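Structure first, commentary second.
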Amino acid sequence: MKKVYIKEDVCIGCGLCEVYCRLKHSRSKDLVKAYKKETPRPLSRLRVDESGIVSLSVRCQHCDDAPCIGACLTGALSRDPSTSLVIVDEERCIGCGTCTLACPLGIPKLDMAQKKMVKCDLCQDEEIPVCVANCPNEALLYAEVEEALT
Amino acid sequence: MIATRKIKYLIIGNSAGGIGAAEAIREVDKAGTITIVSDEPYPTYSRPLISEYLAHPYPVEKMAYRQPDFYEKNKIKTLLGEKVIQVNPDKRTVKLESGTTLAWQKLLLATGGTPIFPEMEGNQLKGVFTFNRLDDSRAIDGFLNQYRNRVRAVVIGGGLIGVSVTEALLRRGIEVTIVEMKDWILNTILDEEAAGFEVQALAQTGTNIITGHTAEKINSYLPGEVSGVTLDDGRVLPCQMAVIAIGVRPRLEVVAESGIKINRGIVVDRRMATSAPDIYACGDAAEAFDFVYGVNRLTPVWPNAYEGGRVAGLNMAGTQTEYQGGTAMNALKYFGVYIASAGLVTPPDDSYETLINRYNGIYKKVIIKKGKLAGMVFAGDIEKSGIVYNLMKDRVDVSKFKEALVADDFGLASLPESVWRDWLAGAPPEGVPVITSIEKPEELVIGD
Numbered sequence: 004m005k006k007v008y009i010k011e012d013v014c015i016g017c018g019l020c021e022v023y024c025r026l027k028h029s030r031s032k033d034l035v036k037a038y039k040k041e042t043p044r045p046l047s048r049l050r051v052d053e054s055g056i057v058s059l060s061v062r063c064q065h066c067d068d069a070p071c072i073g074a075c076l077t078g079a080l081s082r083d084p085s086t087s088l089v090i091v092d093e094e095r096c097i098g099c100g101t102c103t104l105a106c107p108l109g110i111p112k113l114d115m116a117q118k119k120m121v122k123c124d125l126c127q128d129e130e131i132p133v134c135v136a137n138c139p140n141e142a143l144l145y146a147e148v149e150e151a152l153t
Numbered sequence: 062m063i064a065t066r067k068i069k070y071l072i073i074g075n076s077a078g079g080i081g082a083a084e085a086i087r088e089v090d091k092a093g094t095i096t097i098v099s100d101e102p103y104p105t106y107s108r109p110l111i112s113e114y115l116a117h118p119y120p121v122e123k124m125a126y127r128q129p130d131f132y133e134k135n136k137i138k139t140l141l142g143e144k145v146i147q148v149n150p151d152k153r154t155v156k157l158e159s160g161t162t163l164a165w166q167k168l169l170l171a172t173g174g175t176p177i178f179p180e181m182e183g184n185q186l187k188g189v190f191t192f193n194r195l196d197d198s199r200a201i202d203g204f205l206n207q208y209r210n211r212v213r214a215v216v217i218g219g220g221l222i223g224v225s226v227t228e229a230l231l232r233r234g235i236e237v238t239i240v241e242m243k244d245w246i247l248n249t250i251l252d253e254e255a256a257g258f259e260v261q262a263l264a265q266t267g268t269n270i271i272t273g274h275t276a277e278k279i280n281s282y283l284p285g286e287v288s289g290v291t292l293d294d295g296r297v298l299p300c301q302m303a304v305i306a307i308g309v310r311p312r313l314e315v316v317a318e319s320g321i322k323i324n325r326g327i328v329v330d331r332r333m334a335t336s337a338p339d340i341y342a343c344g345d346a347a348e349a350f351d352f353v354y355g356v357n358r359l360t361p362v363w364p365n366a367y368e369g370g371r372v373a374g375l376n377m378a379g380t381q382t383e384y385q386g387g388t389a390m391n392a393l394k395y396f397g398v399y400i401a402s403a404g405l406v407t408p409p410d411d412s413y414e415t416l417i418n419r420y421n422g423i424y425k426k427v428i429i430k431k432g433k434l435a436g437m438v439f440a441g442d443i444e445k446s447g448i449v450y451n452l453m454k455d456r457v458d459v460s461k462f463k464e465a466l467v468a469d470d471f472g473l474a475s476l477p478e479s480v481w482r483d484w485l486a487g488a489p490p491e492g493v494p495v496i497t498s499i500e501k502p503e504e505l506v507i508g509d
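These protein sequences, in sequence, are chains A and B.
All residue numbers for the first sequence refer to the numbering used here, where the first residue is 4 and numbers rise by one.
All residue numbers for the second sequence refer to the numbering used here, where the first residue is 62 and numbers rise by one.
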């Protein structure tokens, strides 16, 4: 499966990955509406953490041992057998936040308005996730895991 | 009657631990027979959702912990509504209440917990409930439907179960009083300040909280029915129902005379194996390794039950695996207030260091001993709490960046690269074509 790799040495922390992620997960697909008007307000599935000169664009890694799946109280989180992605069944998610506490990246985001967690789906209907495709500095890389290991 | 064929994997318990084990077994052994026995007549459901069910409207189908085809797909036989009454480690059998005896090769005790029900005058009255399983929720639901008008409730015990049932009752329009023996509600999982967030939210709902007192007896003026609760100071709280939520203890009846080593729960090693060969235990019934205390303890929370069950299942199927350990961990969202806590919430002595940050109505606290995290409480904002929890779980020395853990702008970048690099995908691959720069750059037009 493919993963998003970060090259933090060329990341300038511009936050465009967050902007495009939010736009992608909006209903209107309109930037102004996504940020200002749409309710419930769409959320970015990723987060840019900064400290000094280091900035990290952090998103769900769809980990092999995915602690979020085991921690999920309702069974809403599972691994999709066809794509190997960690997916959330929004119908069954109650937004309790246990996955947020279990995740080493602290990345499961809670949509307070909808009382659900939201997560990265690696933009399944796109060839390349929008955060990678729109990174102006090529600080994100979408590559096969095997490729990365060799 | 003894079943002639031995069940390869027999699992007692159909909740997080039992399901975690069954799923792990099937990853390794696709064919070995698995049977799950449970005294509850339902396919596996999410126990924490019983409060949603009580609060209404919440269809019971939505409570399913796994898809409807789960058992069939994984070739798991179920004996639901069947109660195990005895485990025999020597003969490798279990006896069911219905009279059947089952023979097994590997056994998992995922029997869970049971509410502590005190000897108290009036505890058998109609209108007295516990709140631990779906049938409890159904019983309260039925009671409320029958006595729709002007029911007042007293919840005895202000722990997780007490607050859960309170939230559900409030959503049903019931007036609630919580009676908590200690100084503040949720005292085993929250410090006083974080619990204050919940107290404030509860106050807004009009809920009455009485701390530092216990219930002495449940009164009845109408024969057989609850009419009030008398406290240890003689105060009488009029009510039509009482929920006993003073705690949960491991369900150990089935192993009582089996010779399997029991302390407060069933004692297991890091492989989740009990003192008897080929018998494993997990979840609320087991006393497994706690990485904060460094010893075996009861940590009755759902994620640990699943993880412990998973480790047990892998070992049962022959894949040697060690349980990394668990600790008390809880994420709460009662009344829309988000709180996460894990490990210790108040330092037991002054050998611990406590760091606290308060800003914008957010409260963050970590407790450190000898450079390692021993506890955490995040209230008001729990995003990134998982980073701190995993630093605690992985026993990372945090002395060099401890102040950052509670800082407003805390994030992965606040940690040394050696920590976050492993958690992220790893170093970016070399020689993979990048996706931009495919088109020729625009020619710069000067002076146009």
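All residues carry an ideal CB built from backbone N, CA and C; glycine is no exception.
The structure displayed is predicted, hence computed values, not measured ones.
task: Please confirm if Gln3 of chain A has its CB atom under 7 Å from at least one CB of chain B.
output: Given a span of 4 to 153 for chain A in the structure shown, any question on residue 3 of chain A remains unanswerable.
query: Which word fits Ile499 of chain B, buried or exposed, when buried means at least 16 other C-beta atoms lie within 10 angstroms of its C-beta?
result: Here residue 499 of chain B refers to the residue found at position 438 of the second sequence. Residue placement at Ile499 of chain B is flagged as unreliable, the pLDDT there being 49, under the threshold of 50; a coordinate-derived value is accordingly withheld.
Rounded Cβ spacing between Gly330 of chain B and Lys167 of chain B (contact assumed at less than 8 Å): As a working note, residue 330 of chain B is residue 269 in the second sequence. As a working note, residue 167 of chain B is residue 106 in the second sequence. For the sequence presented, residue 330 of chain B should be read as Asp rather than Gly. Their Cβ separation, rounded to whole angstroms, is 15 Å, which puts Asp330 of chain B and Lys167 of chain B out of contact at 8 Å.
message: Using a Cβ-Cβ distance cut-off of 7 Å, determine whether Ser107 of chain B contacts chain A.
response: Along the second sequence, one-based indexing puts residue 107 of chain B at 46. Yes, its Cβ sits closer than 7 Å to a Cβ of chain A.
- prompt: What did DSSP end up calling Val148 of chain B once you bin it into helix, strand or coil?
  reply: The residue you call residue 148 of chain B lines up with position 87 of the second sequence. Of the three classes helix, strand and coil, the one that applies to Val148 of chain B here is strand, per DSSP.
- prompt: Can you give the beta carbon distance from Arg371 of chain B to Gly81 of chain B, rounded, assuming they're within the 8 Å contact cut?
  reply: One-based indexing of the second sequence puts residue 371 of chain B at position 310. One-based indexing of the second sequence puts residue 81 of chain B at position 20. Between Gly81 of chain B and Arg371 of chain B the Cβ distance is about 4 Å, and since that is below 8 Å, they are a contact.
query: Interface residues of chain B around Ser54 of chain A at Cβ under 8 Å?
result: Numbered from 1 along the first sequence, position 51 holds the residue referred to as residue 54 of chain A. Per Cβ cutoff of 8 Å: Ala465, Asp470, Gly472, Ala474, Ser475.
message: Ile271 of chain B and Val297 of chain B - do their beta-carbons sit closer together than 7 Å?
response: Residue mapping note: residue 297 of chain B aligns to position 236 of the second sequence, counting from 1. Residue mapping note: residue 271 of chain B aligns to position 210 of the second sequence, counting from 1. Result no, Cβ atoms of Val297 of chain B and Ile271 of chain B do not sit closer than 7 Å.
- prompt: Would Thr77 of chain A count as contacting chain B if we go by Cβ distances under 7 Å?
  reply: For the purposes of this step, residue 77 of chain A is taken as the residue at position 74 of the first sequence. Chain B, which has a Cβ nearer than 7 Å to the Cβ of Thr77 of chain A, makes this yes.
message: Please list, in chain order, the residues of the stretch 96-121 of chain A that have any C-beta partner in chain B closer than 9 Å.
response: Ile97, Gly98, Cys99, Gly100, Thr101, Cys102, Thr103, Leu104, Ala105, Cys106, Pro107, Leu108, Gly109, Ile110, Pro111, Lys112, Leu113, Met115, Lys118
Val353 of chain B to Leu452 of chain B span [Cα, whole Å]: Looking up residue 353 of chain B in the second sequence gives position 292. Looking up residue 452 of chain B in the second sequence gives position 391. If I take the Cα positions, the gap works out to 11 Å.
- request: Inspect the beta-carbon positions of Ile235 of chain B and Ala264 of chain B and report whether they are closer than 7 Å.
  value: Residue numbering aside, residue 235 of chain B sits at position 174 when the second sequence is read from its first letter. Residue numbering aside, residue 264 of chain B sits at position 203 when the second sequence is read from its first letter. No, the Cβ-Cβ distance between Ile235 of chain B and Ala264 of chain B is not below 7 Å.
message: Please tell me whether Met390 of chain B has its Cβ less than 7 Å away from any Cβ of chain A.
response: Taking the second sequence and counting its residues from 1, one reaches residue 390 of chain B at position 329. Closer than 7 Å: yes.
Proximal residues of chain A, C-beta to C-beta of Tyr126 of chain B below 8 Å: In the second sequence, counting from the first residue as 1, residue 126 of chain B sits at position 65. Those within 8 Å of Tyr126 of chain B in chain A are Thr77, Gly78.
task: Using a Cβ cut-off of 7 Å, pull out every chain B residue sitting near Val57 of chain A, in sequence order please.
output: Here residue 57 of chain A corresponds to residue number 54 of the first sequence, with the count starting at 1. Chain B residues near Val57 of chain A: Ala474.
task: Decide if His117 of chain B is buried, meaning its Cβ has at least 16 other Cβ atoms within 10 Å, or exposed.
output: Working through the second sequence from its first residue, we reach residue 117 of chain B at position 56. Exposed: under 16 other Cβ atoms inside 10 Å.
query: So, is the C-beta of Ala214 of chain B closer than 7 Å to a C-beta in chain A?
result: For the purposes of this step, residue 214 of chain B is identified with residue 153 of the second sequence, where counting begins at 1. Not closer than 7 Å to any Cβ of chain A, the Cβ of Ala214 of chain B fails to qualify, so no.
query: Are Phe192 of chain B and Ala306 of chain B touching if we call contact CB-CB under 7 Å?
result: One-based indexing of the second sequence puts residue 192 of chain B at position 131. One-based indexing of the second sequence puts residue 306 of chain B at position 245. It is a contact, given that the beta carbons lie within the stated cut-off.
field: Interface residues of the stretch 354-375 of chain B facing chain A [CB-CB below 7 Å]
entry: Trp363, Pro364, Tyr367, Glu368, Arg371
- prompt: Any idea if Ser198 of chain B is buried or exposed, counting beta-carbon neighbours within 10 angstroms, 16 or more meaning buried?
  reply: In the second sequence, the residue the question calls residue 198 of chain B occupies position 137. Buried: at least 16 other Cβ atoms inside 10 Å.
field: C-alpha distance - Thr161 of chain B paired with Val148 of chain B, whole-angstrom precision
entry: Sequence index remark: in the second sequence, residue 161 of chain B carries index 100 (1-based). Sequence index remark: in the second sequence, residue 148 of chain B carries index 87 (1-based). So the alpha carbons of these two residues sit roughly 12 Å apart.
query: Excluding five sequence neighbours on each side, which residues of the same chain lie with their C-beta closer than 7 Å to the C-beta of Leu476 of chain B?
result: Taking the first residue of the second sequence as position 1, residue 476 of chain B is located at position 415. Answer for Leu476 of chain B: Phe462, listed in chain order.
- prompt: Going along chain A in order, which residues have a C-beta closer than 8 Å to the C-beta of Gly174 of chain B?
  reply: Here residue 174 of chain B is taken as the residue at index 113 of the second sequence, counted from 1. Near Gly174 of chain B there are no residues of chain A at all, since even the closest Cβ is about 15 Å away, more than 8 Å.
field: Proximal chain B residues relative to Glu94 of chain A, where beta-carbon distance stays under 8 Å
entry: Here residue 94 of chain A corresponds to residue number 91 of the first sequence, with the count starting at 1. Per Cβ cutoff of 8 Å: Lys123.
message: Is it the case that the stretch 442-449 of chain B contacts the stretch 369-389 of chain B, given that we only count it when at least three CB pairs across the two stretches are under 8 Å?
response: no
- request: Note down, in chain order, every chain B residue with its Cβ under 8 Å from the Cβ of Lys6 of chain A.
  value: On the first sequence, residue 6 of chain A is found 3 positions in, with the first residue counted as 1. Here the neighbours are Ala486.
query: Per DSSP, what kind of secondary structure is Ile131 of chain B in: helix, strand or coil?
result: Here residue 131 of chain B corresponds to residue number 70 of the second sequence, with the count starting at 1. It is worth fixing the name first, because residue 131 of chain B is Phe in this sequence and not Ile. Of the three classes helix, strand and coil, the one that applies to Phe131 of chain B here is helix, per DSSP.
- prompt: Which first and last residues belong to the beta strand (DSSP E) in which Arg371 of chain B is found?
  reply: For the purposes of this step, residue 371 of chain B is taken as the residue at position 310 of the second sequence. That residue, Arg371 of chain B, is in no beta strand (DSSP E); its alpha helix (DSSP H) goes 363-377.
- prompt: Can you find a CB in chain A that lies within less than 7 Å of the CB of Ile443 of chain B?
  reply: The count along the second sequence starts at 1 and reaches residue 443 of chain B at position 382. Answer yes: the Cβ-Cβ gap between Ile443 of chain B and chain A drops below 7 Å somewhere.
- prompt: Going straight from the alpha carbon of Thr153 of chain A to that of Ser87 of chain A, what length do you get?
  reply: Here residue 153 of chain A refers to the residue found at position 150 when the first sequence is read from its first residue. Here residue 87 of chain A refers to the residue found at position 84 when the first sequence is read from its first residue. Reliability of the predicted coordinates at Thr153 of chain A is poor, the pLDDT of 45 falling under 50, and the value obtained from them is presented with this limitation in mind. Roughly 21 Å between the two C-alpha positions.
query: Residues of chain B with a CB under 8 Å from the CB of Ile9 of chain A: which are they?
result: The residue given as residue 9 of chain A occupies position 6 in the first sequence. The answer, in chain order, is Leu485, Ala486, Pro489.
field: Neighbour-count burial assignment, Arg209 of chain B, 16 or more Cβ in a 10 Å radius
entry: The count along the second sequence starts at 1 and reaches residue 209 of chain B at position 148. Its Cβ having fewer than 16 others within 10 Å, Arg209 of chain B is exposed.
query: Between Val133 of chain A and Asp92 of chain A, what straight-line distance do the alpha-carbon atoms span, to the nearest angstrom?
result: On the first sequence, residue 133 of chain A is found 130 positions in, with the first residue counted as 1. On the first sequence, residue 92 of chain A is found 89 positions in, with the first residue counted as 1. Spanning the two alpha carbons is a distance of roughly 22 Å.
message: Please tell me whether Leu19 of chain A has its Cβ less than 7 Å away from any Cβ of chain B.
response: Residue 19 of chain A sits at position 16 when you count from the first residue of the first sequence. By this cut-off, Leu19 of chain A is not an interface position.
message: So, does the stretch 46-53 of chain A touch the stretch 111-124 of chain A, judging by three or more C-beta pairs under 8 Å?
response: yes
- prompt: When burial is assigned at 16 or more other CB atoms within 10 Å of the CB, is Val316 of chain B buried or exposed?
  reply: One-based indexing of the second sequence puts residue 316 of chain B at position 255. Val316 of chain B should be labelled buried.
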